[in-house]
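Chains as they are written, first to last, in this note's numbering: chain A, 6 to 205; chain B, 6 to 205.
Glycine included, every Cβ here is placed at the ideal spot set by N, Cα and C.
Here the structure is a predicted model, which means the values were calculated and not measured.
Protein chains: 2
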Amino acid sequence: MTSDRDAKSTSRSSYHHGDLRQAVLAAALDVIAAEGPGGLSLRDLARRAGVSHAAPAHHFKDRPGLLTAIAAEGYGLLADTLEDASALRERGVRYVRFAVTHPAHFQVMFRPELLRADDPDLLAAKERASAALRTGVADLPDVPDARQAGIAAWSLAHGFATLLLTHNVTAAVGDRDPEEYFRSLAGLLFASQLPSPEGE
Amino acid sequence: MTSDRDAKSTSRSSYHHGDLRQAVLAAALDVIAAEGPGGLSLRDLARRAGVSHAAPAHHFKDRPGLLTAIAAEGYGLLADTLEDASALRERGVRYVRFAVTHPAHFQVMFRPELLRADDPDLLAAKERASAALRTGVADLPDVPDARQAGIAAWSLAHGFATLLLTHNVTAAVGDRDPEEYFRSLAGLLFASQLPSPEGE
DNA sequence: CCCTGAACTTGACACTGACAAGATTGCTCC
DNA sequence: GGAGCAATCTTGTCAGTGTCAAGTTCAGGG
Chain A
6 MTSDRDAKST SRSSYHHGDL RQAVLAAALD VIAAEGPGGL SLRDLARRAG VSHAAPAHHF
66 KDRPGLLTAI AAEGYGLLAD TLEDASALRE RGVRYVRFAV THPAHFQVMF RPELLRADDP
126 DLLAAKERAS AALRTGVADL PDVPDARQAG IAAWSLAHGF ATLLLTHNVT AAVGDRDPEE
186 YFRSLAGLLF ASQLPSPEGE
Chain B
6 MTSDRDAKST SRSSYHHGDL RQAVLAAALD VIAAEGPGGL SLRDLARRAG VSHAAPAHHF
66 KDRPGLLTAI AAEGYGLLAD TLEDASALRE RGVRYVRFAV THPAHFQVMF RPELLRADDP
126 DLLAAKERAS AALRTGVADL PDVPDARQAG IAAWSLAHGF ATLLLTHNVT AAVGDRDPEE
186 YFRSLAGLLF ASQLPSPEGE
């Protein structure tokens with residue numbers, strides 16, 4: 006990242022930054038992961054990128070604009086993560102993995118009051134993730150209401166992920182892998198319906 | 006509230022407000038429920054209470070102080086709600102009810118980066134709620150790891166509550182009572198262990 | 001070569017949280 | 001009943017923030 010920047014990249018001598026949008030996004034994710042969205046300062050992000058205080062606004066318009074871009078990116082990444090997982094339980098595990106590996110995205114995605122709800126990119130990405138989340142819920146045996154079963158699975162995964170990120174279950178999980186821990190949790194849901202505890 | 010205020014209450018003619026702490030807390034809960042903790046402005050709260058801009062600081066020190074007080078109150082209320090519920094599933098229902106009836110408290114309680122984690126009142130209230138949450142998990146039949154079962158139940162309730170407050174399951178729940186909806190969700194957890202779907 | 005639009009800068013305004021120092025008040029104790 | 005004292009609230013100020021408006025630099029195509 007420090008090699009080929011002579012032409013038009015992150016060198017601060019050039020008037021144009023070259024890749025400011027990405028730089029601001031990356032810095033924003035760092036800050037959010039460390040201090041939450043409340044700790045975000047557009048001026049601070051500009052400073053980190055070595056750029057004037059109003060430069061980020063040209064790419065994201067304003068604060069909601071930046072956070073909406075992050076949320077949309079997050080839903081896209083989540084959809085990517087979920088799409089090639091066959092079994093329902095495995096998708097739950099990947100949901101938890103996404104929250105752990107992309108905590109900043111995850112937080113912002115579920116703070117609607119910070120986002121521009123009608124943003125087309127956001128809506129599209131959210132719909133893609135939502136579709137990936139829904140697939141394969143109907144083929145569970147002995148589950149009367151498929152939609153309700155999907156909500157149950159989502160609640161379990163989302164709740165565990167949230168409690169994990171808010172340091173509310175760190176003691177219980179200990180030094181075990183959170184994904185593995187969730188895998189056993191998921192065994193308690195639909196316990197009677199699943200063929201066997203290992204049935205993946 | 007507008008009757009007996011001549012002596013020393015909310016009348017703006019008196020130098021002392023009389024009950025500023027409660028007034029600020031109430032106003033803060035309104036704002037947080039509507040716009041989240043990020044929309045909070047101490048100066049705005051002071052304005053609503055008809056008081057100078059620095060008055061709230063005397064009661065809560067600073068922003069984290071106010072939010073920590075709210076979180077502590079929330080954990081207390083949650084403990085009250087949970088303590089007189091016998092069955093595990095009923096405690097889950099009450100957890101959801103608490104989130105719906107006290108959305109501002111609920112949000113703040115699970116945003117550790119906004120709180121003063123070492124506040125004694127907060128720690129005490131949290132411990133009380135935590136104890137109320139744990140009781141009776143061990144007496145589930147056929148559940149090998151009680152702690153893990155507790156985490157699963159908490160995850161399910163917390164996830165559903167969170168998704169509810171972030172408007173992510175409003176379409177699925179429809180005009181049904183969220184508590185009733187959760188009651189059926191809870192039937193899917195420990196489905197094989199529970200004696201019967203209605204076994205309360 | 002110019003010119004047009006994108007990327008960025010500069011400057012300003014209203015607002016915020018926090019702090020310090022002073023004013024007012026109710027309570028207690030003599 | 002009056003003096004002092006601590007709690008409560010005010011006033012003034014400071015650095016920092018988001019957002020807008022207007023100007024500057026720059027790259028690429030006619």
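Within the same chain, show all residues whose beta-carbon is closer than 8 angstroms to that of A/S135, passing over the 5 residues directly before and after it, in chain order. none
Just list the residues that DSSP pairs B/L194 with in beta bridges. A/L194
State the start and end residues of the unbroken alpha helix (DSSP H) segment that holds A/K131. 125 to 139
8 angstroms Cβ cutoff, B/R152 in contact with chain A: Output row for B/R152: interface = yes.
Do B/V101 and B/P42 have their C-beta atoms closer together than 8 angstroms? no
How many angstroms separate the CA atom of A/L193 from the CA atom of B/A74? 36 angstroms
Which chain A residues sit within Cβ distance under 9 angstroms of B/R116? G41, G43, T171
Measuring alpha carbon to alpha carbon, tell me which residue in B/Y80, B/S19, B/L47 is nearest B/A129. Nearest C-alpha to B/A129: B/Y80.
Where the alpha helix (DSSP H) through B/D89 begins and ends: First-last for B/D89: undefined, no H or E at that position.
Measuring straight from C-alpha to C-alpha, what distance separates A/A62 and A/L47? Cα to Cα, A/A62 sits roughly 8 angstroms from A/L47.
May I ask which residues mark the beginning and end of the alpha helix (DSSP H) holding B/V29? 25 to 40
Check whether the Cβ atoms of A/A33 and A/A54 sit closer than 8 angstroms, and answer yes or no. no
For B/F111, would you say it is in contact with chain A, using Cβ-to-Cβ distances shorter than 8 angstroms as the test? Put simply, the CB of B/F111 is far from chain A, with every gap to its CB atoms at 8 angstroms or more.
Assigned exposure category for A/S160 - 16 Cβ within 10 Å defines buried: buried
Residue range of the alpha helix (DSSP H) that includes A/L120: Neither: A/L120 is in no alpha helix (DSSP H) and is coded neither H nor E.
In the DSSP assignment, find the alpha helix (DSSP H) that holds A/H63 and state where it starts and stops. 60 to 65
Could you name the residues of the same chain whose beta carbon sits closer than 7 angstroms to that of A/V56, not counting the 5 residues immediately before and after it, in chain order? H22, L25
Does the contact criterion of 3 or more C-beta pairs under 8 angstroms hold for the segment 139 to 159 of chain B versus the segment 97 to 111 of chain A? no
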